[in-house]
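S.K.: Following our numbering, the numbering of the sequence shown begins with 544 at its first residue and continues without gaps.
My structure is below; once you've seen it, I'll send some questions.
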Amino acid sequence: MTEPTGRPAPLSAPHAMPAEDCLELLGTSLAGLDGAEAERRLKEWGPNALPEPSPPHPFIRFLRQFHNPLIYVLLASSLVTALLAHWVDTAVILAVVLINAIIGFIQEGRAENALAAIRAMLSPRASVLRDGRRLSVPAEELVPGDIVILEPGDRVPADIRLLEAHALKVQEAILTGESVAVEKRTEPVPADAPLGDRASMAFSGTLVVAGSGRGVVVATGTQTEIGRISGMLEEVRELSTPLVAQMDRFARWLTALILIVAALLLAWGYFVGHMPFGELFMAVVSLTVAAIPEGLPPVLTITLAIGVRRMAERHAIVRRLPAIETIGAVSVICTDKTGTLTRNEMTVRAIALASGRHEVTGEGYAPHGEIVPPADARELAPLVEVAALCNDAALSDVAGEWQVEGDPMEGALLAFAGKTDIDTTGWRRIDEIPFDAAHRFMAVLVENADGARRILVKGAPEVMLAMCSDELAGGARRPLRRAAWEAEAERLAAGGHRVLALAVGETHAAHLARDHLDGHLALVGLVGLIDPPRAEAIEAVAVCRRAGIDVKMITGDHAGTAVAIARQIGLARPDRVMTGAEIATMGEAELAVAVREADVFARTSPEHKLRLVAALQSHGLTVAMTGDGVNDAPALKRADVGIAMGKRGSEAAKEAADLVLTDDNFASIAAAVREGRTVFDNLRKVISWILPTSAGEAATVGAALLLGLALPVSPVQILWVNLITAVTLGLALAFEPTEPGTMLRPPRPRNAPLLTGALVWHVVFVTALFLAAVFGVFSYASDRGYPLAVGQTMAMNMLVVLEIFHLFFIRNIHGTSLSWRAFRGTRPLWLSLAVIVPAQFLVTYAPPAQAVLGTAGISLFDGLLVIALGMAFFVILEVEKQLRLSLAGRPEATAEAGAP
Ligand code: ATP
C-alpha cells in the first residue's frame, strides 16, 4: 500500500488496539461526540470526501466540439473555398462551424452541470450517534471520533474501528478484490495483518451485506484506506444512450455517403455538365453542408439532458442514462408496498393479548393515547417491554412534532410503549440478531442491574408462532393456542393492519443464537399497525393502468394485509394473491404462466423478486422493479428499469438502480414513465425534423446540378439557411412538452427502432414537397421575368418558411397539429422564431446583407405567396398524417387532442 499523501490518519494501526483505547485516544465515548465538537473536528479534519477529479478545462471542452467528422468536412471545404478566393463562402462556412461549436459548448456545459447537480442529490448519508442520539447526517460530515451505526446495505462511510458486531458481514471487493463477504469481530488483530484480515475494522467504501454493527470513525476522506488509492473510484458518466449512439453512428455513415455522392456529382458536373470548376465546387460544398445533419447529435444529447432534468424535478433521479429510454417503454411496474404505495407512517391501532383484543388511540408518533378497554398490566407489561427494547428506532419531539429516526414501524412501537406507564428503562442490550427480510424477525438479549437476562423477539406472526411453544396469559406461561392466534392474526391483517407477533424467552447465555429461540419462546401478543395508502399513489396507479401498464405489488407483508392495501390502492385484481411459499414450489415455466395471473405477491423474499422479473421478461415485457434492501440489488440489476428508494433505500440498492426516487413515492414512478415517453417522442421529433430538412435542402441543389438547371438557391444562401435554422429550430424540439394523451397510449414495444419505415417515408415525402415548392417558386419568378436574385431570394425564403411549418407539424406526431395548443407553441420555439424571422427580413431587404448573399427585396404579394405555400405544405402534411393514422387504426389521433 502506498503511504498517504498529506497528513497522517489520527490513529495508527487502530485495528490492533482494544476498541476502548481507540475511543479514549479519539476523545469520544459510546454516546458519540456532541454537536459542537463534531463541528470543530469537521473544521480540523475537513470533509469526509475524496477529491473530485477536476473537469476538463473549458478551452479543451471547446476544442472537443470540433472533433467530429462532420466538422472536418466543413473545415476542409472552407480551406478549398479560401484557395479559390471565395471569401464570402469561406466566411459563411466558418461561421456555421463556429456557431455550432459555441452552441454545442454552451449546451454541453449546461447538460453536464445538470447531471452534476443530480449526482449531488444522491450523496450518501450515515447514521451516527451524537449526544447519545441517533441521527442521519451526510457522510461528508463524519469526523474522527463519531460513532457510526452500520446496517445491511450501507456503504461504510469512513474507516471504522468496530465496537459492536452482530453477525456483521462486509464485502470488501473494492479494496481487496475479494468478492466473498468477510465476517467482522471486535477483537484486535495483529498490527501487521493485511487489509483483508483486519476483522476489527470496517473500511470506507465497502458494503455491509448482513448483520449489524457499531464503531468509531478512525479516519475520514483521504486518510482512509480507499482515500490512499483514490482515483479508482472515478466514475465516468457518458452523455449517451444506445439510441443516441445509434444515431451518432448513423450520422457518421450518412456523412460518408454524402461525401461519395458529392464527389460523384462533382465529377458529373465537370465532365458531363461541363460547368466551371469554381462554381461547381461551391454548389457541391453547399449541398454537402446542407445534407450533413450536423445538428443531430448535439440536439439529441440536449434532449436527453432536458429529460434528465425534468425527471429530477419530478423526484426521479436517473443514475444510468440509457434507462431514460427504457422507462418510457415500461409495460409492468413491480412495486413494493410499504412507503411506496403507503405513507410509511405507522401507528399501532390494535393489540391482541391472551385475554382479548384492545384498541389503541392517538395519532402520529406522539406518545399520547389510550388502550381501550384498559388491559391487564401483567399481560401488557411484557408486550410493552418487547415493543420498546427489541427496537432500534428513536423518537424525538422536534418543535412539538414527534419524529422517528430509524424504521417507522419501530417508531410506532415506541410511541405505543409511551402511551402506557410501563417503565422499560432498567434493561441494557447485550446481544442481538438483527432484522433481515429473509428471516423476518429481530431478537435481542437484554440484562438488568440484577444480572437477570431475557430474550425479546418480534417478527412476522407465522415466523414467531413457529418459534413459540407457550404463551403468556395473566403473567404465567401456558401452552400456545396456535390456531386461535393464527385466526386473530388473519383478522387483523384482513382489516389492513400490518401484524407483528411479540415473544419472550429466558436464558443465562451471554450471547444470542438461533437455538435459544426455536421452540423456547412464549408469545406475549400481537400488534396491529396501520399505514394508510398515499393518495397520490392511488391516482398514479390509475394513470398507469390507463397507460396500459400493469402494476404489481410485491411485498414482504402478510397476504391479508397486502390484499387490503391492494384494494385501497386500486390494483386491477387485488384478490389474486400469490405467496413467496407458492413461488418457491414453482419451476420457471410454471412461474412464467402464474406471474401474469396475480397482481399481489405477499411474504416474498428478495430472491423471489429476481425470479418474478425474469418470469415477466420471458413474455417480452419491459419490467420496472422497485427495491430498497441490500438483497434487492440483483433484481434491480436484472430489471429493465431498477428503481431504488432514495430515502428508505440502502446504498447497495441505490447503486444497483437505474433510477432513484427522492421521495420514495409510487407517483414519482408514474411521472418518470410520462417523462420517459416524452423524451423518446422528442428524440423522434428531432430526428423527424432534422433528416427531411437536410435532405430537402440538399435535394434542391442536387436536382439542379443533375438536371443542369440554374440553382434555385445559391450555394452561399444554402449555407446561410443551414446556419440559421439547423441549430435554432431543431433545438426548440428538445424542449417540447408532453403531448396530450401520452399516458393514454399503450407502451411502445420493447426495442422499437427510431428509424422506422414511417420515418423513411416521411423523409421522402417531405423532401419531395420541398423540391416541388422551391422549384415551383423559382420557376414562377423566372416566368414573371424577375431577375435571378429575386427568384433565388424567394426560393431561399421558401425553404425557411417550409422548415418553420414543418417544425409546427412535427410537434404533434400522435395527435392533430390543428389545435390551439399546437399553435401556441413553446417559449424555446418562439425564441428561435424571434431569431430567424428578423434575420430573414435582414438578408432579404438590408443592402449590405444583399451584397454578401446576392439577395434582392421581394414584393409583399410574393412574400405572402411564399407564406401561403408554406401553409399549403402544412395542410398536405397534416392530411397525409391523418390518412396514415386512420389507416393504421389509430382513431385517437384526433380524439386525443381534447384529452387533458
Ligand atoms: P415491502 O416489501 O412492501 O416494503 P414490508 O416492509 O412489509 O413490505 P419487509 O420489510 O420485508 O417487507 O418485512 C416483512 C415482514 O417482516 C413484515 O411484514 C413484518 O412482519 C416483519 N418485520 C418487518 N420489519 C421488522 C422489524 N424491524 N422487526 C421485526 N419484524 C419485522
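All C-beta atoms, glycine included, are put in the ideal place defined by N, C-alpha and C.
1. So, is Pro1390 buried or exposed, given that buried needs 16 or more other C-beta atoms within 10 angstroms?
2. Closest by CA to Thr1281, which one among Val1333, Arg1364, Ala1200, Asp674?
3. According to DSSP, is Arg780 helix, strand or coil?
4. So for Ala669, helix, strand or coil by DSSP?
5. To which residues does DSSP link Gln1260 through a beta bridge?
6. Figure out for me which residue from Ile636, Val631, Ala644, Ala625 has the closest Cα to the Cα of Leu617.
7. According to DSSP, is Asp1207 helix, strand or coil?
8. Please work out which residues of its chain come closer than 6 Å, Cβ to Cβ, to Thr1437, disregarding the five sequence neighbours upstream and downstream, and give them in chain order.
9. Identify the residues that DSSP records as bridge partners of Trp630: which are they?
10. Got a sec, what are the start and stop residues for the beta strand (DSSP E) Leu1045 sits in?
11. On the criterion of 16 or more Cβ atoms from any shown chain inside 10 Å, does Val787 qualify as buried, or is it exposed?
12. Identify, in the order they occur along the chain, each residue of the same chain with its Cβ nearer than 7 Å to the Cβ of Leu1155, setting aside the five sequence neighbours on each side.
13. Quick check: Ala1124 and Arg1146, are their CB atoms within less than 8 Å of each other?
14. Between which two residues does the beta strand (DSSP E) holding Thr1169 run?
15. I need the straight-line Cα distance from Gly529 to Val861, nearest angstrom please.
16. Would you please state the rounded distance, in angstroms, between the beta carbons of Glu683 and Pro590? I believe it to be under 8 Å.
17. Fully enclosed by the stretch 743 to 820, which beta strand (DSSP E) runs are 3 residues long or longer?
18. Given Asp1102, which residues of its chain have a CB within under 7 Å of its CB, disregarding the five upstream and five downstream residues?
19. Starting from the C-beta of Gly821, find all residues in its chain whose C-beta is less than 6 Å away, skip the five residues before and the five after it, and write them out in chain order.
20. Quick one: what's got a C-beta closer than 8 Å to Arg584's C-beta in the same chain, skipping five residues either side?
21. Among the residues of its own chain, which have a CB less than 6 Å from the CB of Thr1104, if the five just before and after it don't count?
22. Please classify Pro836 as buried or exposed, where buried requires at least 16 neighbouring CB atoms within 10 angstroms.
23. Does the beta carbon of His1101 fall short of 7 Å from some heavy atom of the ligand ATP?
24. Which residues mark the beginning and the end of the alpha helix (DSSP H) in which His1305 is found?
25. Looking at C-alpha atoms only, which residue of Ala866, Gln1160, Leu1361 is the closest neighbour of Ala1132?
26. Rounded C-beta distance between Pro700 and Pro667? I'm assuming under 8 Å.
27. Rank Glu730, Ala799, Glu563 by C-alpha distance to the C-alpha of Ile614 and give the top, closest one.
28. For Phe1313, is the classification buried or exposed, using 16 other Cβ atoms within 10 angstroms of its Cβ as the cut-off for buried?
29. Name the residue from Ile649, Arg892, Glu922 whose alpha carbon lies nearest to the alpha carbon of Gly1017.
30. Alpha carbon to alpha carbon, how far is Ala592 from Arg704?
31. Of all the alpha helix (DSSP H) runs that stay within the bounds of the stretch 1065 to 1116, which reach a length of 4 or more residues?
32. Can you check whether the CB of Ala1078 is closer than 8 Å to the CB of Ala1213?
33. Under the assumption that Ala1080 contacts Ala1210 (Cβ atoms under 8 Å), give the Cβ distance between them as a whole number of angstroms.
34. Do Val1320 and Met1341 come within 8 Å of each other at the CB atom, strictly closer than that value?
35. Throw me the rounded Cβ distance for the Val691 and Ala724 pair, which I believe falls under 8 Å.
36. Just the C-alpha distance for Leu1361 and Gly816, rounded to the nearest angstrom, thanks.
M.R.: Put simply:
1. exposed
2. Arg1364
3. Caution applies to Arg780, whose pLDDT of 49 falls short of 50 and renders its modelled position unreliable; the value that the coordinates give is listed next. Coil at Arg780, not helix or strand.
4. strand
5. DSSP output for Gln1260 lists no bridge partner at all.
6. Ile636
7. coil
8. Reliability fails at Thr1437, whose pLDDT of 38 lies under 50, so the model's placement of it is uncertain and the value that follows must be treated cautiously. Once the five neighbours on either side are set aside, the close Cβ partners of Thr1437 are Thr1359.
9. Paired residues: none, contrary to the question.
10. 1041 to 1049
11. buried
12. Cys877, Ile1097, Val1138, Phe1144
13. yes
14. 1166 to 1170
15. Nothing can be reported for residue 529, as the shown portion of the chain is limited to 544 through 1443.
16. 5 Å
17. 750 to 762
18. The question names Asp, but residue 1102 is Ala in the sequence shown. Closer than 7 Å at the Cβ level, and outside the excluded window around Ala1102, lie Val1120, Thr1122, Ala1145, Arg1146.
19. Leu627
20. Leu576, Val686, Pro687, Gly688
21. Ala1036, Arg1041
22. buried
23. yes
24. 1300 to 1326
25. Gln1160
26. 7 Å
27. Ala799
28. buried
29. Glu922
30. 19 Å
31. 1078 to 1089, 1102 to 1112
32. no
33. 6 Å
34. yes
35. The pair is not a contact, with the Cβ atoms about 18 Å apart (cut-off 8 Å).
36. 45 Å
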